[in-house]
Every structure is written in C-alpha cells, then in structure tokens.
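As numbered in the working numbering, residues 42 to 315 make up the sequence shown, in order. Encoded as structure tokens, the structure appears first; notes follow it.
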Amino acid sequence: QRLSAMEQFQSASLKGVTDSDSNKSMSLNVKVVSIAPRVLEVKKFLSPVEVQHLINLASGMTGDVPMEQSRVSASTSTSRGKRIRGDAMAEVRSSKGGWIHREQDVVVDTIFRRVADFLNIDEHLMRDHYPLEGDEELPPTHDRVVEAMQLLRYDPGDGYTAHHDFTFPSVGSRYQPRRFASVLLYLTGEGDVIENGVRSPSSGIDDDKALEGGETTFPRAITTENHDGVKIKPQSGKAVLFYNVLADGNMDDLSQHVGEKVEKGVKYLANIFV
Numbered sequence: 042q043r044l045s046a047m048e049q050f051q052s053a054s055l056k057g058v059t060d061s062d063s064n065k066s067m068s069l070n071v072k073v074v075s076i077a078p079r080v081l082e083v084k085k086f087l088s089p090v091e092v093q094h095l096i097n098l099a100s101g102m103t104g105d106v107p108m109e110q111s112r113v114s115a116s117t118s119t120s121r122g123k124r125i126r127g128d129a130m131a132e133v134r135s136s137k138g139g140w141i142h143r144e145q146d147v148v149v150d151t152i153f154r155r156v157a158d159f160l161n162i163d164e165h166l167m168r169d170h171y172p173l174e175g176d177e178e179l180p181p182t183h184d185r186v187v188e189a190m191q192l193l194r195y196d197p198g199d200g201y202t203a204h205h206d207f208t209f210p211s212v213g214s215r216y217q218p219r220r221f222a223s224v225l226l227y228l229t230g231e232g233d234v235i236e237n238g239v240r241s242p243s244s245g246i247d248d249d250k251a252l253e254g255g256e257t258t259f260p261r262a263i264t265t266e267n268h269d270g271v272k273i274k275p276q277s278g279k280a281v282l283f284y285n286v287l288a289d290g291n292m293d294d295l296s297q298h299v300g301e302k303v304e305k306g307v308k309y310l311a312n313i314f315v
C-alpha cells in the first residue's frame, strides 16, 4: 500500500514538468580519499531538503521510525578477537538507530536511486521482485541487493569503536550477502546545531549545542601522502563510499573504521549497505 501511494505521488508530482526539466542530470564531484581501502567522498550528495527530511524521520518530528539502542552484528568482535556480549556492547557502539525501507516515501526512494547511480547499479536491483501472472522468469535476483537505510543519532559521548561492515553470512543464505560496499550519508556537519529537530548550519560562533567530534576514521588507510590512516569530518549532505570487499572477492581488512565520539551537539547519519 505504501509503495502504491508513493508511485501515485511520484506520478502526480511529475505533472506539468517539461521534458527538459525531467532530463536534467546531477553533477557529482568525486574525491578519492584513500586507495587502500577504496574510499570516495562526494560533497552535496544530499540537498538540504533531503537532509532535513531524514532528520525529521530520525528525530521523531515526523514519521514513525523507532530509534532504539544500536546493536552490532554477530560477526563483530573486540580487537583481541573476543565476541561482544552484554554490557560490553554499549562500550563498542552507543548510538541510537532505526531502519527505513526505500518505499518509505518519495524522498527516500530518490536517495536510493541516486546511490544506485553512484554505484553504477541498476536501481531495479534495489527492489524486491516477485513473479507476476504471465511472467516466465524472475530477474537474476528477486531479493533486493541493498539493505534498508539505517538512521543513526549520536549524542555527546556516543561513538563506535573500530569495526568492519562486512559480514559472514550463513552457508544457507542463498545470495551470500556480505555488504560489498557501504555508503555513509552525513546529515549534520561540524558546527551544526539541532534545535527541536531542525538543523541550523554552522554560524562560526561557539555554541554548546554545535556539533563537535564525530569524525569517521579509517586507521589502516593508505594514501599517496601517508600510511597512517585518514579522518573524515562530518559535513551535512556529504556522502562517503567505501568498499568492504576486494576485487578478488576477499574481505578488505583495511576497511576497518571508527565512528569517533561526539564531543558536543548531536550527529545524525544514514547508512546504506549494498
């Protein structure tokens, strides 16, 4: 029902739009942050309207997205290889998160389409496909190749210690999903203030509510300048793409990354795992 309503909304929203408007393309400037692991950065990937829409969903201002204590996958372990249990989980990851599907609304659907273009993936593969009457066969995969979007909120003191996004699926899993790539979408940036669920851009004035900290660090990253890792500062609307799997199919251990603790303010982030 939600998908049907979304398609009707899209159809109605396109009425009166000229062919020249509908065929306009969006230019993205891609910056290589690291070559090992492969990390790419795109500023202004999301518009301010899209950013605020996701913040509204995550902050409870609109929608019905429950934000609960974030969890770690079963394959996550400490630096000494021990499995994480009980209270130790809070020490590893202390944010709050919720999940929304592509069919949430037209804005979320548009973001998924853009991510598909960014990854050069057919956007139809980011939907579930079921056989219809008269269909002879299904597409190569009838399960979507992407997970739901994860919305995250980090309050002061919250962070995520060194971890990998790739997973080790069960042998019974048909398509062996391993999170080939991760796309981070920053909703708040350094100096941004969240007041009653509304983001205000950095004013340059010291404010106790302004976001400080919350960088994403790749401690094992290698660049042409150094081999001591890279640190990416949060910036509203920016997207960071990194690959968790190497070209030969092996997991990339260098893709380990850290969500640095938030010192002040609130950090909102969205993840899309492919």
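Each residue gets a CB set at the ideal place from its N, CA and C atoms; glycine is no exception. Since the structure is predicted, the reported quantities are computational estimates derived from the model, not experimental observations.
**Asked** With a Cβ-Cβ cutoff of 8 Å, do Arg240 and Gln93 count as a contact?
**Response** yes
- Message: Let me confirm a value: Asn285 is counted as buried when at least 16 other C-beta atoms fall within 10 Å, else exposed. Which label applies?
- Response: buried
>> Based on DSSP bridge pairs, tell me the residues matched to Leu192.
In response: Gly139 and Ala311
(message) Using the three-state DSSP reduction, which class does Ile235 fall into: helix, strand or coil?
(response) strand
Helix, strand or coil: which one does DSSP assign to Met292? strand
Q.
Suppose the cutoff is 6 Å on Cβ atoms and the five residues either side in sequence are ignored; what does the same chain contact list for Ala157 look like?
A. Glu164 and Met167
Leaving aside the five residues before and after Ala77 along the sequence, list all residues of the same chain whose C-beta is less than 6 Å from its C-beta, in chain order. Ile263 and Leu295
- Any idea if Pro89 is buried or exposed, counting beta-carbon neighbours within 10 angstroms, 16 or more meaning buried? exposed
Exercise for review: Would you kindly work out how many angstroms separate the C-alpha atoms of Gly300 and Val187, rounded to a whole number?
Suggested key: 22 Å
Taking all protein chains shown into account, decide if Gly232 is buried (16 or more other Cβ within 10 angstroms of its Cβ) or exposed.
buried
Check: What's the C-alpha gap between Gly230 and Ala288?
Finding: 32 Å
Fill in: Cβ neighbour criterion (16 or more within 10 Å) applied to Val307
buried
For the ligand HEM, I want to know if Leu95 counts as a neighbour, meaning its beta carbon is within less than 7 Å of at least one of the ligand's heavy atoms.
Looking for the ligand HEM in the displayed structure turns up nothing, as the structure carries no ligands at all.
Local Cβ density within 10 Å of Asp275, reported as buried at 16 or more and exposed below that = This sequence places Pro at residue 275; Asp is not what is there. Buried: at least 16 other Cβ atoms inside 10 Å.
- Query: Around the Cβ of Glu91, are there at least 16 other Cβ atoms within 10 angstroms (buried) or fewer (exposed)?
  - Reply: buried
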